[in-house]
Amino acid sequence: YRALARLRAGGFEFYLSESGLREAIVGELRGGYALIATREDLGKDGLDLLLADAFQIRLSRTIDRVFFLLNLLYPNYTRQIQRVRQALESEPGNTRALAIELLDTLAERQVKELLLPLVEAPVEQLLEIAHKRFDIEHCSPAERLAQLAQSSDLWLRTCAVFRIGALKQAKLSEFVLAALEADDALLRETALVASRSLFDSQRFAELLAAHAADGFPVVRRYAQTQLEIRRFA
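Now the structure itself:
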């Protein structure tokens, strides 16, 4: 989106479907509300610093993508839209208020109704919008962790697997075992670390032995180190 916005701002002419752009904007906004709903469903017990930080960064990136799409939809207002994005990151005040007023002038009703709350509304209102506009239902913390542990977002998946281990959520151990077969070194190592809290000593030793010759060096080193510690304990 950023690359396309820069090309269009630079005077390059190419066709983009306006309806497609609007659909993409709404899709990104839905993703933002889904992030907030997931974060709130996890609650204080389900969250840790890693997950909280991951949600914050992904929400910020979602809003960035919305503004790149707005640049593509309204190429004649690129500078104004950029100023709005910058101002919305500032503390509440006159600049932020003017930015919101400008966005209110530029953007269509549906976009305004979804975007403005995302950057300034209280959580209760955001959850209400998530439910009414996008049918995003409330889930238990365990259900949310299970969803994240299957996410296509590798970092969110890794954070969720780590959190499952930290909370000793044995009923979610299947997702940790699945992560042990992942094609990502960090995720696989994290799953091995989480296994220590989820399984008994014998089962954990079996998992370590199975990964002592792992194709990922970082996983192999962890497994071998843990086996050595157990040998001399």
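Note that this note's numbering numbers the sequence shown so that position 2 is 126, with each residue one more than the last.
Positions of the beta carbon are idealized from the N, C-alpha and C atoms, including for glycine.
All of these numbers come straight from a predicted model, not from anything done at the bench.
Between which two residues does the alpha helix (DSSP H) carrying residue i extend?
{"i": "G144", "result": "142-170"}
{"i": "C283", "result": "278-290"}
{"i": "S325", "result": "325-334"}
{"i": "Y346", "result": "341-356"}
{"i": "P265", "result": "265-272"}
{"i": "S275", "result": "Taken as a continuous stretch (DSSP letters only), S275 belongs to no alpha helix (DSSP H), as it is neither H nor E."}
{"i": "H262", "result": "Where H262 is concerned, there is no enclosing alpha helix (DSSP H), given that its DSSP letter is neither H nor E."}
{"i": "N195", "result": "173-197"}
{"i": "E213", "result": "Looking at the DSSP string, E213 is not in any alpha helix (DSSP H), and its letter there is neither H nor E."}
Does residue i pass the burial test, meaning 16 or more other C-beta atoms within 10 Å, or should it be called exposed?
{"i": "A315", "result": "buried"}
{"i": "N200", "result": "exposed"}
{"i": "Q274", "result": "exposed"}
{"i": "Y346", "result": "buried"}
{"i": "H335", "result": "buried"}
{"i": "T162", "result": "buried"}
{"i": "F136", "result": "exposed"}
{"i": "G156", "result": "buried"}
{"i": "V300", "result": "buried"}
{"i": "V190", "result": "buried"}
{"i": "L272", "result": "buried"}
Should residue i and residue j be called a contact, given that it needs their Cβ atoms to be closer than 8 Å?
{"i": "A158", "j": "I224", "result": "no"}
{"i": "L196", "j": "R132", "result": "yes"}
{"i": "V243", "j": "L212", "result": "yes"}
{"i": "R182", "j": "F258", "result": "no"}
{"i": "G170", "j": "L269", "result": "yes"}
{"i": "V150", "j": "Q249", "result": "no"}
{"i": "L174", "j": "L166", "result": "no"}
{"i": "A329", "j": "R354", "result": "yes"}
{"i": "F192", "j": "R146", "result": "no"}
Between residue i and residue j, which are expected to be in contact by the criterion C-beta below 8 Å, what is the C-beta distance as a whole number of angstroms?
{"i": "E152", "j": "L251", "result": "That belief does not hold up - the Cβ atoms of E152 and L251 are roughly 18 Å apart, past 8 Å."}
{"i": "R287", "j": "D177", "result": "Actually they do not touch by this definition, with Cβ atoms about 13 Å apart."}
Point to revise | Stretch pair the stretch 285-293 + the stretch 317-336: three plus CB contacts closer than 8 Å | key: yes
Check your understanding: Between the stretch 274-288 and the stretch 305-314, are three or more C-beta pairs nearer than 8 Å?
Key -> yes
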